[in-house]
Amino acid sequence: MSKKYSIAIVDDETEILNVLSRFLTRNPDFSVNTYSNPVSAVASVDNNKYDLILLDIMMPQMNGLEALEKIKSKNPEQKVIMMTAYSTLDKVLKSHKEGATNYVMKPFDSLQALEKKIIEVLESK
1 MSKKYSIAIV DDETEILNVL SRFLTRNPDF SVNTYSNPVS AVASVDNNKY
51 DLILLDIMMP QMNGLEALEK IKSKNPEQKV IMMTAYSTLD KVLKSHKEGA
101 TNYVMKPFDS LQALEKKIIE VLESK
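Structure (structure tokens):
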């Protein structure tokens, strides 16, 4: 990786935000912004260009699928990895239909595996 990548993490669980932010920012190629409120995160897409957004599905105020739809309407090319602890086939299919690039389950099997997936998505065309 030779480029600095901008990543947004959107999750209502501050512990998840803290763990992911600390882990990802140890990689000098990653710049990370965190949002505990999906409404703020969606609004931030107007002013920030993210290479990747990690987006939780189950959140108050606006669920991740609604946020994904709004983000994709602003930038159809935006890469988004959906995160959830409550997976159903319906949610997986809907997130792909709405344009999610990939999907991961919480709790994460390993942060290293998540980082590998993030790098794969970032480096994909």
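Residue numbers for the sequence shown follow the UniProt record's numbering, so the first one is 1 and each next one is one higher.
Note that beta-carbon positions come from the ideal geometry of N, C-alpha and C, so glycine has one too.
It should be emphasised that the depicted structure is a prediction, and the values quoted were computed from it without experimental measurement.
Backbone secondary structure at residue i - three-state DSSP
{"i": "T84", "result": "strand"}
{"i": "V19", "result": "helix"}
{"i": "S6", "result": "strand"}
{"i": "D11", "result": "coil"}
{"i": "E98", "result": "coil"}
{"i": "Q112", "result": "helix"}
Heavy atom of the ligand MN within 7 Å of residue i beta-carbon
{"i": "L114", "result": "This structure simply doesn't include the ligand MN, nor any ligand for that matter."}
One or two residues paired with residue i in a DSSP bridge
{"i": "V121", "result": "Beta-bridge pairing links V121 to no other residue."}
{"i": "V104", "result": "M83"}
Residue i versus residue j: straight-line alpha-carbon distance, rounded
{"i": "N47", "j": "T34", "result": "15 Å"}
{"i": "D29", "j": "Y5", "result": "6 Å"}
{"i": "K94", "j": "L65", "result": "8 Å"}
{"i": "L111", "j": "F23", "result": "8 Å"}
{"i": "V10", "j": "K125", "result": "23 Å"}
{"i": "M83", "j": "V104", "result": "5 Å"}
{"i": "M62", "j": "K3", "result": "32 Å"}
Any C-beta of chain C under 8 Å from that of residue i
{"i": "N48", "result": "Of the protein chains in the structure, only one exists, and it is not chain C."}
Legend entry - Minimum length 3: unbroken beta strand (DSSP E) runs contained in the stretch 19 to 76: Listed in chain order, the complete beta strand (DSSP E) runs (minimum 3 residues) inside the stretch 19 to 76 are 30 to 35, 52 to 56.
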